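The working numbering applies: residue -1 is where the sequence shown begins, and numbers increase by one. Have a look at the structure below, then the notes.
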Amino acid sequence: MSLRLGDIAPDFEQDSSAGKIRFHEWLGDSWGVLFSHPADFTPVCTTELGFTAKLKDEFAKRGVKAIALSVDPVDSHHKWIEDINETQNTLVNFPILADADRKVSDLYDLIHPNANDTLTVRSLFVIDPNKKIRLTITYPASTGRNFHEILRVIDSLQLTDNYKVATPANWQDGDEVVIVPSLKDEEEIKQRFPKGYRAVKPYLRLTPQPNR
């Protein structure tokens, strides 16, 4: 059965480029980004892993840990990391799971149903500190992932977890946000949103973003 938003991310113990990892323990109180790759030494994934390494400070600012997965073994990962560091001008600073036995791939439904059993789909999961899955995205092999979008969604999730707001289309950190329709009491609205709001429609009320 495929995982859905709100499900608890399955725990596992697996080898990685950084040693054995018990996932929930490794994640601790952090947010997590778990993303899969079909195999080592694949061109698009090489650029993705390099870009993820360059986002270390952005992830850290949001309390996020990144972890990748490929079905190749650890020694292959280490050789691939050398290539990534060289070609992407960075240093890979997060673990790559070595899922040779497909244990994690099976738990997260990552084996492509229309391909051979060594080819994982290029899926990505955002997991919150309560170990709940908050976002899933699956990309085709030909399209590199947009990690600016991943950061944007994490910003939105962290903001909307703390305030009774939602984020509109193309929202970026600092833009106006939507007051959730379930919030009706005007006194509570004044307390929660002292900068006021503008009602485009009774169900569409925009307010300056609260401080994160």
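All C-beta atoms, glycine included, are put in the ideal place defined by N, C-alpha and C. Only a predicted model underlies this, so the values are computations on that prediction, with no experimental measurement involved.
field: Distance CB(ASP27)-CB(ILE19) smaller than 9 Å
entry: Not closer than 9 Å, so no.
- prompt: If you draw a straight line from the alpha carbon of LYS63 to that of TRP29, how long is it in whole angstroms?
  reply: The straight-line gap from Cα to Cα measures roughly 6 Å.
- prompt: Since ALA37 contacts VAL72 with CB under 8 Å, what's their CB separation in whole angstroms?
  reply: With 8 Å as the limit, ALA37 and VAL72 do not qualify as a contact, their Cβ atoms being about 14 Å apart.
message: Just verifying my parser: in three-state terms, what is the DSSP assignment at THR85?
response: In the structure shown, THR85 sits in a helix (DSSP, three-state: H, G or I).
Limits of the alpha helix (DSSP H) - the one that VAL102 falls within: Unbroken alpha helix (DSSP H) run through VAL102: 101 to 105.
CA-to-CA distance, PHE33 to LYS193, given in whole angstroms: If I take the Cα positions, the gap works out to 39 Å.
Segments of 4+ residues assigned as alpha helix (DSSP H) that fall wholly inside the segment 23 to 57: Runs found: 41 to 52.
message: Does LEU1 come out as helix, strand or coil in the three-state DSSP assignment?
response: Coil at LEU1, not helix or strand.
message: Here's a check: name, in chain order, each residue in its chain whose Cβ is nearer than 7 Å to the Cβ of LEU105, leaving out the five neighbours to either side.
response: Taken in chain order, the residues that qualify are PRO8 and PHE10.
task: Just the C-alpha distance for ARG132 and ILE177, rounded to the nearest angstrom, thanks.
output: Using only the alpha carbons, I get a separation of about 20 Å.
Alpha-carbon spacing of ILE187 relative to LEU89, whole angstroms: Taking C-alpha positions only, ILE187 is separated from LEU89 by approximately 47 Å.
field: Pair within 9 Å by beta-carbon distance, LEU155 and VAL163
entry: Going by C-beta atoms, LEU155 is not nearer than 9 Å to VAL163.
- request: Please go through the same chain and pick out, in chain order, the residues whose beta-carbon is closer than 8 Å to the beta-carbon of ARG210, but skip the five residues on each side of it.
  value: So the qualifying residues of the chain are ASP153, GLN156, LEU157, ASN160 and ASP171.
Given 8 Å, three or more beta-carbon pairs between the segment 35 to 50 and the segment 80 to 97: The segment 35 to 50 makes contact with the segment 80 to 97; the number of CB pairs closer than 8 Å reaches 3 or more.
message: Counting C-beta neighbours from all protein chains within 10 Å, is the total for LEU95 16 or more, i.e. buried, or is it exposed?
response: When all chains shown are included, LEU95 counts as buried.
- request: Confirm, please, whether the CB-CB distance from PHE39 to SER0 is below 9 Å.
  value: Note that the C-beta distance between SER0 and PHE39 is not below 9 Å.
query: Does the Cβ of LEU53 have 16 or more other Cβ atoms within 10 Å, making it buried, or fewer, making it exposed?
result: LEU53 comes out buried.
- request: Would you list the residues sitting across from ASP196 in a DSSP beta bridge?
  value: Asp is not the amino acid found at residue 196; the sequence shown has Arg there. DSSP lists LEU204 as partners of ARG196.
Any chain D beta carbon closer than 9 Å to PHE49: Looking for chain D here will not work: only one protein chain is present.
query: Quick one: what does DSSP say ARG143 is sitting in, helix, strand or coil?
result: It is coil, neither helix nor strand.
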